[in-house]
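Structure, as structure tokens:
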Amino acid sequence: MDTLTLSDPHPGETRHALVARTLRSAVTRGLLPEGTRLPGHRRLAQRLGVSRNTLVDALTQLHAEGYVRPRGRSGTVISVPVISVPGHAPTTTPGSGVTAPAQNGRPLPLSAWAIRALQGQVEEVGGDRFAVDFRVGQPVPDLYPEAAWTQALARRAAQVTHAHAHDPLGPLETRRALAAYLNAQRGARVTPDMVMLTGGTQSALDALARVFLEPGRLAVVEDPTYAGARAALAATGADVTGVPVDDRGLQTGALPPGATLAYVTPGCQYPTAVSLGADRRQALIAWAAAANAFILEDDYAADLHLTSRPPPVLQGLAPDRVILLGSFSKSLAPVTRSGFLVAPPGVLRVLTGTRPLTDRLPGRLDALALADVLASGAYARHLRRARTAVQRRQEVLLGALRTHLPGWPVLPVASGLHLYLPLPPPWKEADVLARAARQGVALSPVAPLSQGGHPPAVLLGFAALSTTELTDGAARLGRALRQGADGRP
Numbered sequence: 001m002d003t004l005t006l007s008d009p010h011p012g013e014t015r016h017a018l019v020a021r022t023l024r025s026a027v028t029r030g031l032l033p034e035g036t037r038l039p040g041h042r043r044l045a046q047r048l049g050v051s052r053n054t055l056v057d058a059l060t061q062l063h064a065e066g067y068v069r070p071r072g073r074s075g076t077v078i079s080v081p082v083i084s085v086p087g088h089a090p091t092t093t094p095g096s097g098v099t100a101p102a103q104n105g106r107p108l109p110l111s112a113w114a115i116r117a118l119q120g121q122v123e124e125v126g127g128d129r130f131a132v133d134f135r136v137g138q139p140v141p142d143l144y145p146e147a148a149w150t151q152a153l154a155r156r157a158a159q160v161t162h163a164h165a166h167d168p169l170g171p172l173e174t175r176r177a178l179a180a181y182l183n184a185q186r187g188a189r190v191t192p193d194m195v196m197l198t199g200g201t202q203s204a205l206d207a208l209a210r211v212f213l214e215p216g217r218l219a220v221v222e223d224p225t226y227a228g229a230r231a232a233l234a235a236t237g238a239d240v241t242g243v244p245v246d247d248r249g250l251q252t253g254a255l256p257p258g259a260t261l262a263y264v265t266p267g268c269q270y271p272t273a274v275s276l277g278a279d280r281r282q283a284l285i286a287w288a289a290a291a292n293a294f295i296l297e298d299d300y301a302a303d304l305h306l307t308s309r310p311p312p313v314l315q316g317l318a319p320d321r322v323i324l325l326g327s328f329s330k331s332l333a334p335v336t337r338s339g340f341l342v343a344p345p346g347v348l349r350v351l352t353g354t355r356p357l358t359d360r361l362p363g364r365l366d367a368l369a370l371a372d373v374l375a376s377g378a379y380a381r382h383l384r385r386a387r388t389a390v391q392r393r394q395e396v397l398l399g400a401l402r403t404h405l406p407g408w409p410v411l412p413v414a415s416g417l418h419l420y421l422p423l424p425p426p427w428k429e430a431d432v433l434a435r436a437a438r439q440g441v442a443l444s445p446v447a448p449l450s451q452g453g454h455p456p457a458v459l460l461g462f463a464a465l466s467t468t469e470l471t472d473g474a475a476r477l478g479r480a481l482r483q484g485a486d487g488r489p
């Protein structure tokens, strides 16, 4: 502890995020082993040269990530996050400070990339059995266009059997259908030679991170953000800085100079579900041009915009600076693994050259079926039905929450499949999750998605639940969070 000093700050990094990163790095490098008792808050804050409140905010974040455990009057102790891989018993990798898999009682000789990638995983909180499961990411099979998809697969099956042509970007027919759809429905500026088919957004992020990032480089993400994006970027060894999000999206005034990539969700910010305003879109593009950086635009949930036509993609404003990422896993079916990226030709040349080392094209049958579903209008018809059903379920949940949690800041969302519920003071995420679980309700926390201590909130996925389950879940949550006479939880 005597040698512990504050790390050099990243551009735009908040003070408590810097403290959290300093302590997290000390744990992962083995400088603060499992069970180490930290000095008192005031003493440790003085040693690091920060205020006590700043230190407390940093420790709260590290507790959510699993790096520390409060022990009441005994203080705070280091808790190394456990990394588990099926079929292997966990152990500690010597010198890494990280609990990693072992085989036959000996630690696996993991690379630095593997350790960073495993550290970036976010595990769900709670068990597997709940009366009502509001956790995000649940499949919604009753909203999938099963008949149209099955028919498209059947039509294309014989063609795939006899096909010999190979295109590293994916079938031209599918890329044409995607380009036409994105130009007409999403305001993009795309030609088929700018499209690459992928196995989904995560595989695209991994490929782009490997191509553009390495130790010593800087990437930017929204804060809070999709955990898989931050993990993919950080696994390369690059520094990843979170830029705060408010009710108008990414705070572009806080963007740091010198970054190589910026991952954003401007159409429907994950997890807050707000859209990025026109002025901030222009500011983000200007920043990227000045920094010679690429913007990775995840068009998350845009197809499921519920109240009006979704805002156009950022890519349409700056096709030379924006790499558009998309997937049909939410609106079509996760089993298809049908995703795409749209990039300038120079970027695509690099990706097609490096792809054979790390990835293979998605299945040709799925790709050709997707072309049919898009070109025939079946996908557009499906979306109209799905939007109506999703909006109805959201309305049911909103009404039930307003009945059982009167006065709580419950607001509708314009896109997506979950509600973002800020927690009014003095509620904390861990308390709400625990109380809800005791009533048989599972929620998703926001803290693991944030680097900088985002205000406490929880997520309620609603699209996979029936109206009866939504009403029951809201009633159970109301009982769990009913306040005492003094107004405190």
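Just so you know, the sequence shown maps onto residues 1 to 489 in the UniProt record's numbering.
All C-beta atoms, glycine included, are put in the ideal place defined by N, C-alpha and C.
Rounded to whole angstroms, what's the CA-CA distance from LEU401 to ALA254? Just pull it up for me.
Working through the sequence shown from its first residue, we reach residue 401 at position 401. Working through the sequence shown from its first residue, we reach residue 254 at position 254. Looking at the two C-alpha atoms, the distance is approximately 35 Å.
C-beta atoms of residue 559 and ALA229 nearer than 9 Å:
Here the chain covers residues 1 to 489 and nothing more, so residue 559 does not appear.
Just curious, the beta strand (DSSP E) that THR225 is in, first and last residue?
Numbered from its first residue, the sequence shown carries residue 225 at position 225. Here THR225 belongs to no beta strand (DSSP E), and DSSP marks it neither H nor E.
Do LEU250 and GLN269 have their beta-carbon atoms positioned less than 9 Å apart in this structure?
In the sequence shown, residue 269 corresponds to position 269, counting from 1. In the sequence shown, residue 250 corresponds to position 250, counting from 1. Against a cut-off of 9 Å, the Cβ pair of LEU250 and GLN269 comes out as a contact.
Could you work out which residue in GLU395, PRO425, PRO312, PRO426 is closest to LEU411 when comparing CA atoms only?
Position 411 of the sequence shown, counted from the start, is the residue given in the question as residue 411. Closest by alpha carbon: GLU395.
Can you give the Cα-Cα distance for ARG349 and ARG210, rounded to whole angstroms?
Here residue 349 is taken as the residue at index 349 of the sequence shown, counted from 1. Here residue 210 is taken as the residue at index 210 of the sequence shown, counted from 1. If you take the alpha carbons of ARG349 and ARG210, they lie about 15 Å apart.
Buried or exposed for THR54, going by 16 or more other Cβ atoms inside 10 Å?
Here the question's residue 54 lines up with position 54 in the sequence shown. Buried: at least 16 other Cβ atoms inside 10 Å.
Is it right to say THR236 is buried, meaning 16 or more other beta carbons lie within 10 angstroms of its own, or is it exposed?
Locating residue 236 in the sequence shown gives position 236, where the first residue counts as 1. Answer is buried; the Cβ neighbour count reaches 16.
Taking the beta carbon of SER450 as the centre, do at least 16 other beta carbons fall within 10 Å, making it buried, or is it exposed?
On the sequence shown, position 450 is the one that residue 450 refers to. Under the 10 Å beta carbon count, SER450 is surrounded by 16 or more other beta carbons and is classified as buried.
In the structure shown, what three-state DSSP assignment does GLU214 receive?
Start at 1 with the first residue of the sequence shown, and residue 214 comes out as number 214. Three-state result, GLU214: coil.
Is the distance from the Cβ of ALA273 to the Cβ of GLY399 below 9 Å?
On the sequence shown, position 273 is the one that residue 273 refers to. On the sequence shown, position 399 is the one that residue 399 refers to. No, the pair does not count as a contact, with Cβ atoms beyond the cut-off.
Can you check which of these residues, PRO362, VAL347, LEU110, ARG435, is closest to MET194 by C-alpha distance?
Taking the sequence shown and counting its residues from 1, one reaches residue 194 at position 194. Checking every option, the nearest Cα to that of MET194 belongs to VAL347.
Proximity of LEU460 and ALA386 at Cβ, strictly below 9 Å:
Sequence index remark: in the sequence shown, residue 460 carries index 460 (1-based). Sequence index remark: in the sequence shown, residue 386 carries index 386 (1-based). Contact: no.
In the DSSP assignment, the beta strand (DSSP E) including GLU297 goes from what residue to what residue?
For the purposes of this step, residue 297 is taken as the residue at position 297 of the sequence shown. That run of the beta strand (DSSP E) goes 294–298.
Of all the beta strand (DSSP E) runs that stay within the bounds of the stretch 178–208, which reach a length of 3 or more residues?
Scanning the stretch 178–208 from its first residue to its last, the whole beta strand (DSSP E) runs of 3-plus residues come out as 195–198.
Would you please state the rounded distance, in angstroms, between the beta carbons of THR225 and LEU197? I believe it to be under 8 Å.
Translated into positions along the sequence shown, residue 225 becomes position 225. Translated into positions along the sequence shown, residue 197 becomes position 197. 25 Å between Cβ atoms; not a contact.
Along the chain, where does the beta strand (DSSP E) that runs through THR36 open and close?
Taking the sequence shown and counting its residues from 1, the one referred to as residue 36 is at position 36. From DSSP, THR36 is part of no beta strand (DSSP E); its letter is neither H nor E.
Start-to-end residues for the alpha helix (DSSP H) that takes in PRO345:
On the sequence shown, position 345 is the one that residue 345 refers to. Looking at the DSSP string, the run of the alpha helix (DSSP H) that includes PRO345 is 345–358.
Counting Cβ pairs closer than 8 Å, one from the stretch 199–206 and one from the stretch 307–327, do we hit at least three?
In the pairwise beta carbon analysis, the stretch 199–206 is classified as touching the stretch 307–327: at least three pairs are separated by under 8 Å.
Mapping DSSP to helix, strand and coil, what is ARG364?
The residue given as residue 364 occupies position 364 in the sequence shown. Three-state DSSP puts ARG364 in a helix.
Given this structure, state the Cα-to-Cα distance separating VAL56 from ALA20, to the nearest angstrom.
Here residue 56 corresponds to residue number 56 of the sequence shown, with the count starting at 1. Here residue 20 corresponds to residue number 20 of the sequence shown, with the count starting at 1. Looking at the two C-alpha atoms, the distance is approximately 10 Å.
Using CA coordinates, which residue listed in GLY339, GLY30, LEU465, SER331 is at the minimum distance from ALA378?
On the sequence shown, residue 378 is found 378 positions in, with the first residue counted as 1. Of the listed residues, the one whose Cα sits closest to ALA378 is SER331.
For the stretch 180–190 against the stretch 306–322, do three or more pairs of beta-carbon atoms, one drawn from each stretch, fall closer than 8 Å, so that the two count as touching?
yes
Pair within 9 Å by beta-carbon distance, PHE130 and GLY440
As a first step, residue 130 must be located in the sequence shown, where it is residue number 130. As a first step, residue 440 must be located in the sequence shown, where it is residue number 440. Yes, these two residues count as a Cβ contact at 9 Å.
On the CB-based measure, 16 or more other CB atoms within 10 Å of its CB, does GLU214 come out buried or exposed?
Taking the sequence shown and counting its residues from 1, the one referred to as residue 214 is at position 214. The residue is exposed, with fewer than 16 neighbouring Cβ atoms inside 10 Å.
Compare the beta carbon distance of PRO271 and HIS166 with 9 Å and say whether it is the shorter of the two.
Here residue 271 is taken as the residue at index 271 of the sequence shown, counted from 1. Here residue 166 is taken as the residue at index 166 of the sequence shown, counted from 1. No, Cβ-Cβ distance for PRO271 and HIS166 is not below 9 Å.
Where LEU255 falls: helix, strand or coil (DSSP)
Residue numbering aside, residue 255 sits at position 255 when the sequence shown is read from its first letter. Reduced to three states, the DSSP call for LEU255 is coil.
Quick one: what does DSSP say PRO445 is sitting in, helix, strand or coil?
The count along the sequence shown starts at 1 and reaches residue 445 at position 445. The answer is strand: DSSP assigns PRO445 an E or B state.
Answer yes if the stretch 360–375 comes into contact with the stretch 140–154, meaning at least three C-beta pairs across the two stretches below 8 Å, and no otherwise.
yes
Counting only the same chain and skipping the five closest in sequence on each side, list residues whose C-beta sits under 6 Å from that of ALA474.
Looking up residue 474 in the sequence shown gives position 474. For ALA474, where only same-chain residues beyond five positions count, the Cβ hits under 6 Å are ALA400, LEU401, HIS404.
Hey, quick one: how far does the alpha helix (DSSP H) through SER25 stretch, first residue to last?
Within the sequence shown, residue 25 is the residue found at index 25, counting from 1. Unbroken alpha helix (DSSP H) run through SER25: 15–28.
Just tell me which of ALA45, ARG43, GLY30 has its CA closest to the CA of TYR67.
The residue you call residue 67 lines up with position 67 of the sequence shown. Comparing Cα-Cα distances from TYR67 to each of ALA45, ARG43, GLY30, the minimum goes to GLY30.
Considering only residues of the same chain and omitting the five flanking positions on each side of GLN391, which have a CB-CB separation below 7 Å?
Numbered from 1 along the sequence shown, position 391 holds the residue referred to as residue 391. In chain order, LEU306 place their CB closer than 7 Å to the CB of GLN391, counting only its own chain and leaving out the 5 sequence neighbours on each side.
Evaluate PRO171 with the Cβ neighbour count: other Cβ atoms within 10 Å of its Cβ, from every protein chain shown; 16 or more gives buried, anything less gives exposed.
Within the sequence shown, residue 171 is the residue found at index 171, counting from 1. Classification for PRO171: buried.
To which residues of the same chain is ALA17 closer than 6 Å at the C-beta, ignoring the five residues directly before and after it?
Taking the first residue of the sequence shown as 1, we reach residue 17 at position 17. The answer, listed in chain order, is GLN451, GLY452.
Pick out whichever of TRP408, ALA290, ALA179 has its Cα sitting closest to the Cα of GLY258.
Here residue 258 is taken as the residue at index 258 of the sequence shown, counted from 1. GLY258 has its Cα closest to that of ALA290, out of TRP408, ALA290, ALA179.
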